[in-house]
Amino acid sequence: MTIRVLLADDQTLVREAFAMLVESARDMEVVGQAATGRQAVELARGGRADLVVMDIRMPDLDGIEATRLIAADDDLAGVRVLVLTTYDTDEYIVDALRAGASGFLVKDTRPAELLDAIRTVAAGDSLLSPGPTARLIERFLRSPSAPAAGGPECLSEREREVLALVARGLNNTEIAEVLGLSPLTAKTHVSRIMGKLAARDRAQLVIVAYESGIVTPGNI
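Every position in the sequence shown, counted from 1, becomes a number in my numbering once 1 is added.
Here it is, written out as structure tokens:
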């Protein structure tokens, strides 16, 4: 299956470079390019993209707000957002994930890593590198956010265990190994947790785990 990618960046040369890289992958194609966040939202609503590679600082509408609009649109439920920026700061990581982004990378990422990130996010997984994630935890502990749509109190003890492992970055196979489950059972648990917490994807599960105290710097 070909991953249809929409590129959003206000710098023409950056967009063209990313377009050449994406088109070099046999399993991807560029279906649109946007110079502003508003253009990104409009093109996403055109219905052709599976994933948006979204810059943060853009004119008219920034990438954070564009991500929020895409994530809030029921008609775009299948569209994932991978935020790519030169600004590797707590503020942007937190805001991007809260807005609904499924991944966060800085622009000095190697080309092969960017392509792998696109595949990961397009497949429905979240992508958080260890450094930004560690800072993200500290940020949440310093500045609590608004409560999630559903709280961890609605989860069973097993589901809380699974949520903690998701927040530590484990995939379904790794969760199954830790808990002595089959990968299918682990996947089912993750799906049920997402449903109970009204989470769009695994990245939002990470946020719930941090905010609720299920995962803290002392036990990751």
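For glycine and all other residues, C-beta sits at the position ideal for the given N, C-alpha and C.
- The distance from the Cβ of Gly38 to that of Ala18 is about 20 Å, inconsistent with a contact at the 8 Å cut-off.
- CA-to-CA, the gap between Gly33 and Arg58 works out to about 19 Å.
- Under the three-state reduction of DSSP output, Thr174 falls in the helix class.
- Per the Cβ contact rule, the segment 115-123 is not in contact with the segment 156-168 (fewer than 3 Cβ pairs under 8 Å).
- Around the CB of Met2, fewer than 16 other CB atoms lie within 10 Å, so the residue is classed as exposed.
- Ranked by how close their Cα comes to the Cα of Ala26, the residues Leu115, Asp76, Asp51 have Leu115 in first place.
- In this model, Ala41 and Tyr211 are separated by some 30 Å (Cα to Cα).
- When the five nearest sequence neighbours on each side are left out, the beta carbons in the same chain lying within less than 8 Å of the beta carbon of Thr110 are those of Leu85, Ala118, in order along the chain.
- Excluding five sequence positions before and after Leu156, the CB atoms of its chain that fall closer than 7 Å to its own CB belong to Leu164, Ile194, Lys197, given in chain order.
- Judged by DSSP in its simplified three-state form, Thr121 adopts helix.
- Between Arg69 and Ser103, the gap from beta carbon to beta carbon reaches 7 Å or more.
- The alpha carbon of Pro153 has as its nearest neighbour, out of Ala200, Ala113, Ala20, the alpha carbon of Ala200.
- Cβ-Cβ separation between Ala204 and Leu83: approximately 11 Å, too far for a contact (criterion under 8 Å).
- Excluding five sequence positions before and after Ala36, the CB atoms of its chain that fall closer than 6 Å to its own CB belong to Asp11, given in chain order.
- For Val82, the enclosing beta strand (DSSP E) begins and ends at 81-86.
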